[in-house]
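Q: Pasting a structure below so you can have a look.
Listed below in C-alpha cells is the structure:
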C-alpha cells in the first residue's frame, strides 16, 4: 500500500498511452481517460479476513454426485462413439478477429491499466447476437502444465443464453490457438443426461466460472440448477446428427440447438447441506454458490479457487475459498473427497470487495502466501476494477487525472493463468484478451 503513491505518476502516463503491444493498436482517448465522477483510491477494500471456524468451513462442503456409468454408456451407445478435443478443433468453422479488425466500440471494453498485449473479437455472427453473452475462459494451460492438450494450444470460452421462459442454454467455444495470428473456433453445447441416459437436456445455467483440469471441465451453475458445479469429460464429446433448434433426442437422431457437438455432464457437486443460496441478502450463515472459478497450479496439490458475487448493496462480505484436486490418476480432474464423497474447503477468506466475478490465486514464490486477484465489473458507463488482496492489504492500478481504480475491463469475465506462457486470459464485453501476469503484479504492488 505504501508504494501506491510513488507509482501514480508513472501509471498515469501509461494509462494515457495504453496500447495493445502485441497488436500495435492504440486505444481511443475515450477508453483511456476516466471520468472524474468515478471511484477513486478511497474505495480500498483492505485486507482479506481468514475464515477458520468449522462452522464457516462446513458451509463450503460439497458432495460429489456422479452420473451413473450405465447412463453414460447407454447415451454413448445411442449417439455413437464419442470424440475428443482434437476432432472438434479439426472442424472449427469460425474465426476470431485480431484487434486491428475489431471496431472501436468493441475495443472500448478493454482494460486501460494494465493494458492487454493480445486481444481478439468474435466472428461477427456471434458478436452481433445479444441473446448470447461470453462469461468465462479457461485454457490448455490449466489442463496441462506444459500448456498443450494432445499437442494443441486451446482456449475454451463459456457463453450463456438467458431466457425469461427458463429455457436458457450454455455453450462453449473451442478455440484452436496454435497460431496466435489466426484463432479459429467452433461451438459445443453443454448438456445433462436424463431418463437414465436415454436423452439429454441443455444446461439451463450461467457459466460465469469454468476450469479445465486434466480431462475434466468444471463449470458453475445458476438459475433452476440445484447443483453448485457440473463436471464434463472432454473425452466424451458427441456428434449431433440432426439440425434445428431442439435439444436432445428428436425424430431421426440427436439435436444440439443447431450445433455439431454436444457435451453431456458426467458428475456434479452439490452443497452438502442442501442447495446453495444465490439470492441477494446472502450472509455468511448460508452455503454460497460459486460464481467465479479458476485454477491455482502454484498450490500443492493444484486447487480450484472460487468466489461468490455478493452485490454492492447486499451489505455482506464476499467469500473466497479453494478445494484441492484429487491426486489419484484414476480420478483425474475431480476434486478431492473423503470416504463419504464429501469435498472440504482447504482455505477460505472474507473480503470487502463487492460483486467479485473474476478470481485468481497465485503464489509468487514457493514459500510465499498467495496473492488473490479479484475482478469487479463496471458500473454503467465505467470500467471495472482489478484488486490484488492478501492478509496485509489491497491494491489496484490507478489511471486518469483523478487516480481512479476503474482501470480494468468493463465486463464480468473470469480470469485464467496460463503458467507456460505467463499470461492471464480474460473476457470483457465481446473481447477476449491476454496480458502478462508480471505486468499485473507490477501495476498492483
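In the working numbering, the protein residues as written are 182 to 626.
Beta carbons are placed, not taken as given, at the ideal position from N, Cα and C, and that holds for glycine.
Can you confirm whether the stretch 286-303 touches the stretch 605-614 when touching is taken to mean that 3 or more C-beta pairs between the two stretches lie within less than 8 angstroms?
A: Cβ pair count under 8 angstroms is three or more, so yes.
Q: Which class does residue 322 belong to by DSSP, given the choice of helix, strand or coil?
A: For the purposes of this step, residue 322 is identified with residue 141 of the chain shown, where counting begins at 1. Looking at residue 322 - three-state DSSP - the assignment turns out to be helix.
Q: Using the Cβ count rule (16 or more neighbours within 10 Å means buried), how would you classify residue 355?
A: Here residue 355 is taken as the residue at index 174 of the chain shown, counted from 1. By the 10 Å Cβ count, residue 355 comes out buried.
Q: Using only the alpha-carbon positions, how far apart do residue 590 and residue 301 sit?
A: As a first step, residue 590 is located in the chain shown; it is residue number 409 there, counting from the start. As a first step, residue 301 is located in the chain shown; it is residue number 120 there, counting from the start. Whole-angstrom Cα-Cα distance: 14 angstroms.
Q: Just to confirm, is the Cβ distance from residue 472 to residue 542 under 8 angstroms?
A: Locating residue 472 in the chain shown gives position 291, where the first residue counts as 1. Locating residue 542 in the chain shown gives position 361, where the first residue counts as 1. Result no, Cβ atoms of residue 472 and residue 542 do not sit closer than 8 angstroms.
Q: Assuming residue 276 and residue 364 make a contact with CB atoms under 8 angstroms, what is their CB distance in whole Å?
A: For this step, residue 276 is matched to residue 95 along the chain shown. For this step, residue 364 is matched to residue 183 along the chain shown. Residue 276 to residue 364, Cβ: 7 angstroms. Contact.
Q: Just to confirm my understanding: we take residue 362, look at its own chain, exclude 5 residues before and 5 after, and list those with CB closer than 6 angstroms. What are they?
A: Numbered from 1 along the chain shown, position 181 holds the residue referred to as residue 362. Within the same chain, residue 362 has no close Cβ partners at all.
Q: Would the stretch 336-351 and the stretch 302-319 be scored as touching if the rule is three or more Cβ pairs under 8 angstroms?
A: The stretch 336-351, when compared against the stretch 302-319, does touch it at the 8 angstroms Cβ threshold.
Q: Along the chain, where does the alpha helix (DSSP H) that runs through residue 431 open and close?
A: To locate residue 431, count along the chain shown from 1; it is residue 250. Looking at the DSSP string, residue 431 is not in any alpha helix (DSSP H); the run it does join, the beta strand (DSSP E), is 428-431.
Q: Alpha carbon to alpha carbon, how far is residue 445 from residue 332? Give it in angstroms, no decimals.
A: Sequence index remark: in the chain shown, residue 332 carries index 151 (1-based). Sequence index remark: in the chain shown, residue 445 carries index 264 (1-based). Between residue 332 and residue 445, the C-alpha separation is close to 24 angstroms.
Q: How would you call residue 552, buried or exposed, if buried means at least 16 neighbouring beta carbons within 10 angstroms?
A: Within the chain shown, residue 552 is the residue found at index 371, counting from 1. Classification of residue 552: buried, given that the 10 Å Cβ count is 16 or more.
Q: Could you say which of 297, 341, 370 and 456 lies nearest to residue 240 if we only look at CA atoms?
A: Against the chain shown, residue 240 aligns to sequence position 59. That would be 456, whose Cα lies nearest to the Cα of residue 240.
Q: Quick test of your reading: residue 500 and residue 379, contact by CB under 8 angstroms. State the CB separation rounded to the nearest angstrom.
A: For the purposes of this step, residue 500 is identified with residue 319 of the chain shown, where counting begins at 1. For the purposes of this step, residue 379 is identified with residue 198 of the chain shown, where counting begins at 1. Their Cβ separation, rounded to whole angstroms, is 39 angstroms, which puts residue 500 and residue 379 out of contact at 8 angstroms.
Q: Straight-line CA distance for residue 623 to residue 586?
A: Here the question's residue 623 lines up with position 442 in the chain shown. Here the question's residue 586 lines up with position 405 in the chain shown. Near 15 angstroms, if we compare the C-alpha coordinates of residue 586 and residue 623.
Q: By how many angstroms is the C-alpha of residue 432 removed from the C-alpha of residue 598?
A: As a working note, residue 598 is residue 417 in the chain shown. As a working note, residue 432 is residue 251 in the chain shown. Those two C-alpha atoms are separated by around 43 angstroms.
Q: What residue from 370, 527 and 507 has the CA that sits closest to residue 437's CA?
A: Here residue 437 corresponds to residue number 256 of the chain shown, with the count starting at 1. Nearest C-alpha to residue 437: 370.
Q: If you draw a straight line from the alpha carbon of residue 218 to that of residue 559, how long is it in whole angstroms?
A: Start at 1 with the first residue of the chain shown, and residue 218 comes out as number 37. Start at 1 with the first residue of the chain shown, and residue 559 comes out as number 378. Below a pLDDT of 50, predicted positions are generally treated as unreliable, and residue 218, at 34, falls in that range; the measurement from the model is reported next regardless. Using only the alpha carbons, I get a separation of about 13 angstroms.
Q: Mind the definition here: the stretch 532-550 touches the stretch 476-489 only if three or more C-beta pairs lie below 8 angstroms; say whether that holds.
A: Flag = yes, the stretch 532-550 and the stretch 476-489 touch.
Q: Output the boundary residues of the alpha helix (DSSP H) element that contains residue 239.
A: Walking along the chain shown from the start, residue 239 turns up at place 58. First-last of the alpha helix (DSSP H) with residue 239: 235-239.
Q: For residue 499, does the three-state DSSP call read helix, strand or coil?
A: If you number the chain shown from 1, residue 499 lands on position 318. In this structure, residue 499 counts as strand in the three-state DSSP scheme.
Q: Can you tell me whether residue 505 is buried or exposed? The criterion is at least 16 other CB atoms within 10 Å of its CB, across all chains shown.
A: Stepping through the chain shown from its first residue, residue 505 is reached at position 324. Result: buried.
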